[in-house]
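Trainee:
Number of protein chains: 2
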Amino acid sequence: MKKLSIILGTICMMALPAMAQEKKTLTLEELILGGNRNFSLQPEYVFTTWWGDKPVITDVESASVINLKNGEQTTILTLEPLKKLIKDEGLGNLSHLMSVEFVKGQNKAILQTNTHTVIYDLDKKNITESYPLVLGVQNRTPQPNGYNSAYTKGNNLYVMWDGKEHQVTNDPEGWLCGQSVHRNEFGINNGIFWSPKGNLVAFYRMDQSMVTDYPQVNTSTRISTLVPDKYPMAGMTSHKVYVGIHNPATQKTIYLKTADPTDRYFTNISWSPDEKNIFIIELNRDQNHAELIQYNSETGEKIATLYEETHPKYVEPEYPLTFLPWDDSKFIYQTQREGYNHLFLMDLNQPQQGIWKDCSAGGKCLEKLKTTQLTKGNWLVKEIVGFNSSTKELIGTSTEVSPLQSNPFALNLTNGKHRLIGFLNANHSISLSESGKYIIDNYTSANIARNIDIVSTNGKGKTMNLLTASNPMDQYNLPKPEIGTIKAADGVTDLYYRITKPSDFDPNKKYPAVIYVYGGPHAQMITNTRNYGASGWDIYMANHGYVVFTLDNRGSSNRGLLFENCTFRNLGTEEMKDQMKGVEFLKSTGFVDPDRIGVHGWSFGGFMTTNLMLTYNDIFKVGVAGGPVINWALYEVMYGERYMDTPESNPEGYKGNNLTLRAGDLKGKLQIIIGANDPVCVPQHTMSFLRACIDAGTQPDFFTYPGDEHNMRGRDRVHLYTRITQYFEDYLK
Amino acid sequence: MKKLSIILGTICMMALPAMAQEKKTLTLEELILGGNRNFSLQPEYVFTTWWGDKPVITDVESASVINLKNGEQTTILTLEPLKKLIKDEGLGNLSHLMSVEFVKGQNKAILQTNTHTVIYDLDKKNITESYPLVLGVQNRTPQPNGYNSAYTKGNNLYVMWDGKEHQVTNDPEGWLCGQSVHRNEFGINNGIFWSPKGNLVAFYRMDQSMVTDYPQVNTSTRISTLVPDKYPMAGMTSHKVYVGIHNPATQKTIYLKTADPTDRYFTNISWSPDEKNIFIIELNRDQNHAELIQYNSETGEKIATLYEETHPKYVEPEYPLTFLPWDDSKFIYQTQREGYNHLFLMDLNQPQQGIWKDCSAGGKCLEKLKTTQLTKGNWLVKEIVGFNSSTKELIGTSTEVSPLQSNPFALNLTNGKHRLIGFLNANHSISLSESGKYIIDNYTSANIARNIDIVSTNGKGKTMNLLTASNPMDQYNLPKPEIGTIKAADGVTDLYYRITKPSDFDPNKKYPAVIYVYGGPHAQMITNTRNYGASGWDIYMANHGYVVFTLDNRGSSNRGLLFENCTFRNLGTEEMKDQMKGVEFLKSTGFVDPDRIGVHGWSFGGFMTTNLMLTYNDIFKVGVAGGPVINWALYEVMYGERYMDTPESNPEGYKGNNLTLRAGDLKGKLQIIIGANDPVCVPQHTMSFLRACIDAGTQPDFFTYPGDEHNMRGRDRVHLYTRITQYFEDYLK
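So the protein lines, in turn, are chains A and B.
First residue of the first sequence? That's 441 in the numbering used here, and the numbers climb one at a time after it.
First residue of the second sequence? That's 441 in the numbering used here, and the numbers climb one at a time after it.
#1: For W796/B, does the three-state DSSP call read helix, strand or coil?
#2: Distance cutoff 8 Å, beta carbons only. Does H1159/A sit that close to anything in chain B?
#3: Span of the beta strand (DSSP E) holding V505/B?
#4: In chain order, what residues of the same chain have a beta carbon less than 6 Å from the beta carbon of V841/A, not counting five sequence neighbours either side?
#5: Within 8 Å of any Cβ in chain B, is that where the Cβ of F1142/A sits?
#6: Of all the options K810/A, W796/A and T811/A, which has the alpha carbon lying nearest to the alpha carbon of K804/A?
#7: What are the boundary residues of the beta strand (DSSP E) that H1159/A is part of?
#8: Between the stretch 904 to 919 of chain A and the stretch 480 to 494 of chain A, are three or more C-beta pairs nearer than 8 Å?
#9: Tell me, please, whether the stretch 1108 to 1126 of chain A touches the stretch 1139 to 1149 of chain A by the rule of three or more beta-carbon pairs shorter than 8 Å.
#10: Within its chain, find whatever has a CB closer than 6 Å to the CB of Q1166/B; leave out the 5 residues flanking it on each side and keep chain order.
#11: Counting pairs of Cβ atoms below 8 Å between the stretch 853 to 860 of chain A and the stretch 871 to 882 of chain A, do you hit three or more?
#12: Count the other C-beta atoms from every protein chain shown that fall within 10 angstroms of the C-beta of G545/A, then say buried if there are 16 or more, exposed otherwise.
#13: Short of 8 Å in beta carbon distance, which residues of its chain neighbour G1063/B, apart from the five on each side in sequence? Order them along the chain.
#14: Using 8 Å as the cut-off, can you tell me whether the stretch 1120 to 1133 of chain B makes contact with the stretch 1150 to 1157 of chain A, which would need three or more C-beta pairs spanning the two stretches below that distance?
#15: Tell me the rounded alpha-carbon separation between E1004/A and T775/A.
#16: Please list, in chain order, the residues of the stretch 661 to 685 of chain A that have any C-beta partner in chain B closer than 8 Å.
#17: According to DSSP, simplified to helix, strand and coil, what is P1091/A?
#18: Using CA atoms only, rank isn't needed, just tell me which of D944/A, A866/A and N948/A is closest to S1028/A.
#19: Could one say the Cβ of A1065/B lies closer than 8 Å to chain A's Cβ atoms, at least one of them?
#20: By a C-beta neighbour count over all protein chains shown, 10 Å radius and 16 as the cutoff for buried, is D528/B buried or exposed?
#21: Taking 8 Å as the CB-CB cut-off, is P1146/B touching chain A?
#22: Which residues of chain B have a Cβ atom closer than 9 Å to the Cβ of M1127/A, listed in chain order?
#23: Can you confirm whether T1165/A, when its beta carbon is compared against all beta carbons of chain B, has any partner nearer than 8 Å?
#24: Between I1134/B and chain A, is the shortest Cβ-Cβ distance under 8 Å, so that the two count as touching?
#25: I need the straight-line Cα distance from L844/B to P584/B, nearest angstrom please.
#26: Might you give, ordered along the chain, the residues of its own chain that have their beta carbon closer than 6 Å to the beta carbon of K1017/A, omitting 5 neighbours on each side?
#27: Our contact map puts V496/A next to T488/A with C-beta atoms below 8 Å; I'd like the distance itself, whole angstroms only.
#28: Which residues in the same chain as D493/A place their Cβ atom closer than 7 Å to its Cβ, once the five residues preceding and following it in sequence are excluded?
#29: Could you spell out where the alpha helix (DSSP H) holding A886/A opens and where it closes?
#30: Quick one: which residues of the stretch 736 to 753 of chain B get their C-beta closer than 9 Å to a C-beta of chain A? List them in chain order.
#31: Would you call the stretch 978 to 997 of chain B in contact with the stretch 940 to 959 of chain B, where contact means no fewer than 3 C-beta pairs closer than 8 Å?
#32: With a cut-off of 8 Å, do at least 3 Cβ pairs link the stretch 746 to 761 of chain B to the stretch 710 to 728 of chain B?
#33: If contacts are defined as beta-carbon pairs under 8 Å, then E749/B and M1078/B qualify, I think. What distance do you get, rounded to the angstrom?
#34: Does P655/B pass the burial test, meaning 16 or more other C-beta atoms within 10 Å, or should it be called exposed?
#35: If we define contact as Cβ-Cβ less than 8 Å, is Y654/A a contact residue for chain B?
#36: If you drop the 5 nearest sequence neighbours on each side, which residues of the same chain put their C-beta closer than 8 Å to that of L853/A?
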């Protein structure tokens, strides 16, 4: 088997000078994403896809199928002749073969040029079909098993059907159709949902006309221009969402006859395999009562409420239904009602009266279908990847081995037993073959830069290695992050920390320490991946004489519902208590100078940073807070009210962590940095904090990236981390 | 004569603790305007007014007339009984007597309460008349010799006439009536002009509907709100101005039949004494051709063009006509056509054909009336204060003694001779008695904290001293600013500088130096006033070990037209050359450390600071630029095009000092500070500079004051100077 060595560098078409072994110091250009030479530190990578059950390596120049018996590679596609053939046919430019796909059950490849989708017959070696891409549109969503597509232009939805475009919605400004709604909460990230057979298109339609505009300003035009952005703030009037179903053949559209969409969330749209039903998990504005509702996709009529769940704090549905491929009446519902996200099998053919019953995580549920819990334990299912229909197994990933990683598993739906697949001590990302018999298993750990294996899902087949990437960082004398656990402020819960010390670490010295913090829900900083998830900046700072420390406090993700929701109505408070346990630990090591402790974080981490600087102003000398939340009343409805309720119903909670009220407590050096056009933590957070500091006579520092949104990307990120580093160098070192 | 000792402290109603003599260091709270204790450093002050030819001292509690023969004071009004009388009559609250005035030719005082104008008979000791104030309106302008008023509500003009309000204009949003136009250039600072006898009201009416909005944002509302501000940028479409004349008695309004108001400025509205004519100095958009035009105030018809003036660079009319009180046919026109602002007498009764003739400052003029130049010389008239009709003398102030100060003079209009009045070596501010025989002369110099004298304008009468204020700074061991001159970069022109050294100055030491710079037109930093015009911050910095230096470069004011207009079409270039002469001088002293030179300035001075940091980046180590112009294309039409023409007609000039193009040249530490709602140098200047620096990989620092406009006032100013000081302390010291 020839060595696979397609490195990211060549993929990015950049010239990569060989890195001299003697080179010892790395700059932010290497260590920061967006840096000119950041690619030089990335482990090798191989692009792959499945052709039925055959793995295919897709490179720039060629695609090669791998023989699962002996590992031999056979080139099946070569760029140059294909490129010429396609060009001669006037079907655009094919620039690489990395994203080639295959038509299910046929010896045909699907190639994307800049203008067409081209179907190439691998046997006949000719082009059998071609479909022009609809250009200049947004959110283009191809039909499954076909070549039509739905997309948006402006704020309306369109469909290209049999080569003809028609407009589906015709709504005025203030409405959005075919786009993600509810500010991407509840796992929502798109607004177009083709039915499984491709005959119908469900779509979101959102009326935002009643939502207040946040006045964003574009300062790059000849004279600055207003860019109004609908932003519903906690407690304020929110948008209304409708779910439409369009039949492209008849060009008819109906809307689901849901309850009043005022203050109601319509999440996790799922189709029944026969396309006759559509399922929505609906949630009240208070987000403490979820209902799984079945609708008739032809009439829009409600058929039944299938499942309900309540919780005194919040219920957060994030996953659509997954139907069993071999039984259209059964689907898997995911909920963390027992404390961790687990799988429940529900049977449409077995409706029942049900009774409200207590769930172990503090909520209640009402099962209107016969329901079987499939997985359980103090770990959570992260992803359903697919099925093996022949063995009646579900293939997914979970945190069963460790909350710091995802491991593949196969769950037998006949007997309820499950087994782990692949190398245990690593974090896996997998892709399943058509039959479900094999996975391409891409995994990393603190010790594994990147391995890609082909693994049999039955746990018995021989594992074939496609790539064992070396870690380009190994050639440098770089700091090695370490991890461990300490007890949370509750005295019981184990929290993971990561510490990165200078490579020439001397335990008898006293080092300045920087705590990098996030601390909010839906994120985890410490993972069993390269450097335990430490960023290039952690490495850089440690390389420059700092101890860099991160702690995943209670409230962060992958540790279950109770770990997360202890922060309810008081975001920041418990999180900071845990962070102070981290500070205690740092001080106890003896090698951290207690007079030189700094803190840095972005977004929720910016909120934590600012809050820590104000609350523990004798501990933290220097902080850099990026895109911070300053006052939860200025944050949006969906995320904000889930964790904080409304300013009206939780005045103490909002007041307690409204940092403008504590601007006078600033003692150390605090620099706040924001994207001047941040649509997530709108600039008003920081502007009101600066005003409060000015009024209180305190002196924060401030910087802003004009044109940037919530995060700085590309070259701006290198500029940003140069800036952040300088601040610690100026004031902490 | 009893000692006059009304100090500003008691006027401000603040408690003033006696300042201990031993106190040596002063904080920014004392030294910065807006500081809690700034009043403690202000010299004493006396409020005065004229009652015909009798001077009156107006205090909080009483008003006393001064006998000009012997200086004796007689109390003529006492607050408490008046306050009671007025309250009993239900005419509001009289809180002090500082702003009392007197009815011309009568023994009556005019008192302002919070709700009424009250006329009090000094003989009968009773209230004879009262007029309710129109409350909740803007730009209230009282009728001369009467108690009616004109004012604005929203964007329209209203008149209160004989106790009844009527609306004069009814224009939609985008129009402004009765308010200042042309962004307060050309000496314009109001929009309501009562005729001399009070029978008619002339007013500005401006159509801004075609002007682009600058999107200012108010971040203090529950959700930030847009505050659009009409801002015509250089080269872009500007507003149109109309001049209306309203007759309150008939409630009829006519508009002057001027030339097309597109790209035309209507400046310096003046009435004829008989109210039959109105005069406008009109200017083309290029601002190089001024025309004095006479209109019929009843019909609005143009009567005649009386005077024209052109200049290859610009003509800048800033003063309305001044009619002689004893001859309604003669008025004084002010122009710097001969290089300095001087007085020209024009006679309406002597029209003439005239011919275009060259003026000594490089322009041309056409006199259509017989014209007599009244003053001449390399100095300028600053103000016409009034007349003495009996001697046919004009009383004014000029820079004849020194460009650093104003001195009163009397000009005999019969024989053309003039003489200076009062103490020569000081800067004067005067108020003329009714007959013109006396002035109340308030003067200061580097050595005089504040004197107030009563001086006879005939130059012969005995001078009576009302106040010789001590300088509260004298009790501290404070740095003493010094001044001198150096040659400009042209090798010829003398430029004034001011240097402030630490009070414990040692010429053998090397000090860090901060250059405080303005440098733009219409301002002069060095004056013969207390501390030669040095700010409290100059003193503070010198007190903390810095040498503080300021140079009034070519382009600044009070030195004549050619001194000013050498910067035409290249704002910044000549100015910086001169500033570098200042740096050369500083280095030549031997006591300035050439490696620790900083610079600070605001507005035009912020532009200069940023420009110097980029252009002479090996010289300047640290800069703080406030509210800077970064790119003249983003500045407004009137000021911008006067000095720079348009971006289309002067691309090289605009490019040459567009600092975004040189963002990559930043080497030192530069902090830019702006008011987040600056309507003068809009935030786009700094935002585009920050973007350019980010793109170029340079690292300016930035701070903004939310809610503040072009300058920080009150407490914010103390915060600002604390911040600026800290920056120099961190990086320059």
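Heads up, the beta-carbon is just placed ideally off N, CA and C, and yes, glycines get one too.
If you're wondering where the values come from, they're calculated on a predicted model, not measured in any experiment.
Mentor: In short, the structure shows the following:
#1: Residue mapping note: residue 796/B aligns to position 356 of the second sequence, counting from 1. If DSSP states are grouped into helix, strand and coil, W796/B belongs with coil.
#2: Looking up residue 1159/A in the first sequence gives position 719. So, interface residue.
#3: Taking the first residue of the second sequence as position 1, residue 505/B is located at position 65. First-last of the beta strand (DSSP E) with V505/B: S502 to I506.
#4: Stepping through the first sequence from its first residue, residue 841/A is reached at position 401. Answer for V841/A: N847 and L864, listed in chain order.
#5: Here residue 1142/A is taken as the residue at index 702 of the first sequence, counted from 1. For F1142/A, the answer is yes, since a Cβ of chain B falls inside 8 Å of its Cβ.
#6: Indexing the first sequence from 1 puts residue 804/A at position 364. Cα-wise, what sits closest to K804/A is W796/A.
#7: Taking the first residue of the first sequence as position 1, residue 1159/A is located at position 719. Unbroken run through H1159/A is the alpha helix (DSSP H), R1155 to Y1171; no beta strand (DSSP E).
#8: Yes, the stretch 904 to 919 of chain A touches the stretch 480 to 494 of chain A.
#9: Segments in contact, yes.
#10: Indexing the second sequence from 1 puts residue 1166/B at position 726. None.
#11: The stretch 853 to 860 of chain A makes no contact with the stretch 871 to 882 of chain A: fewer than 3 CB pairs, one atom from each, lie closer than 8 Å.
#12: Looking up residue 545/A in the first sequence gives position 105. Residue burial is scored here from C-beta neighbours: G545/A has fewer than 16 other C-beta atoms within 10 angstroms and is therefore classed as exposed.
#13: By 1-based counting over the second sequence, the position of residue 1063/B is 623. Only residues of its own chain outside the window of five on either side were considered, and among them G1038, V1039, H1040, T1049, T1050, L1052, M1053, G1108, K1109, L1110 and Q1111 have a CB closer than 8 Å to the CB of G1063/B, listed in chain order.
#14: No, they do not touch.
#15: Counting from 1 along the first sequence, the entry for residue 1004/A is found at position 564. Counting from 1 along the first sequence, the entry for residue 775/A is found at position 335. Our two residues, E1004/A and T775/A, have alpha carbons roughly 14 Å apart in a direct line.
#16: Within the stretch 661 to 685 of chain A, the qualifying residues are R662, I663, S664, T665, L666, P668, Y671, M673 and M676.
#17: By one-based count along the first sequence, residue 1091/A stands at place 651. It is helical.
#18: Taking the first sequence and counting its residues from 1, the one referred to as residue 1028/A is at position 588. Among D944/A, A866/A and N948/A, the Cα nearest to that of S1028/A belongs to N948/A.
#19: Against the second sequence, residue 1065/B aligns to sequence position 625. Cβ-Cβ to chain A under 8 Å: no for A1065/B.
#20: By one-based count along the second sequence, residue 528/B stands at place 88. So D528/B counts as exposed.
#21: Numbered from its first residue, the second sequence carries residue 1146/B at position 706. Under the Cβ criterion of 8 Å, P1146/B is counted among the residues facing chain A.
#22: Residue 1127/A sits at position 687 when you count from the first residue of the first sequence. Listed along chain B are V657, T659, S660, S664, A1116, T1144, P1146 and G1147, each with a C-beta nearer than 9 Å to that of M1127/A.
#23: Here residue 1165/A refers to the residue found at position 725 when the first sequence is read from its first residue. For T1165/A, no CB of chain B lies under 8 Å from its own CB, so it is not counted at the interface with that chain.
#24: What you label residue 1134/B is simply residue 694 of the second sequence in a count that begins at 1. Closer than 8 Å: yes.
#25: In the second sequence, counting from the first residue as 1, residue 844/B sits at position 404. In the second sequence, counting from the first residue as 1, residue 584/B sits at position 144. One C-alpha to the other measures close to 35 Å.
#26: Here residue 1017/A is taken as the residue at index 577 of the first sequence, counted from 1. Hits under 6 Å: A929.
#27: Counting from one through the first sequence, the residue named residue 496/A turns up at place 56. Counting from one through the first sequence, the residue named residue 488/A turns up at place 48. Indeed they touch by this definition, with Cβ atoms about 6 Å apart.
#28: Counting from one through the first sequence, the residue named residue 493/A turns up at place 53. In its chain, beyond the 5 residues on either side, S873, E874, S875, K877 and Y878 have a beta carbon closer than 7 Å to the beta carbon of D493/A.
#29: The residue given as residue 886/A occupies position 446 in the first sequence. Following the DSSP letters along the chain, one finds A886/A in no alpha helix (DSSP H), marked with neither H nor E.
#30: Taking 9 Å as the Cβ-Cβ cut-off against chain A, none of the residues of the stretch 736 to 753 of chain B qualify.
#31: Counting Cβ pairs under 8 Å, three or more are found: they touch.
#32: In the pairwise beta carbon analysis, the stretch 746 to 761 of chain B is classified as touching the stretch 710 to 728 of chain B: at least three pairs are separated by under 8 Å.
#33: For the purposes of this step, residue 749/B is identified with residue 309 of the second sequence, where counting begins at 1. For the purposes of this step, residue 1078/B is identified with residue 638 of the second sequence, where counting begins at 1. About 18 Å separates the beta carbon of E749/B from that of M1078/B, a gap too long to meet the 8 Å contact definition.
#34: Looking up residue 655/B in the second sequence gives position 215. That one is buried.
#35: For the purposes of this step, residue 654/A is taken as residue 214 along the first sequence, with counting starting at 1. Chain B has a Cβ within less than 8 Å of the Cβ of Y654/A.
#36: Translated into positions along the first sequence, residue 853/A becomes position 413. Sequence-distant Cβ neighbours of L853/A in its own chain, meaning closer than 8 Å and more than five residues away, are L764, L785, L814, K832, E833 and L834.
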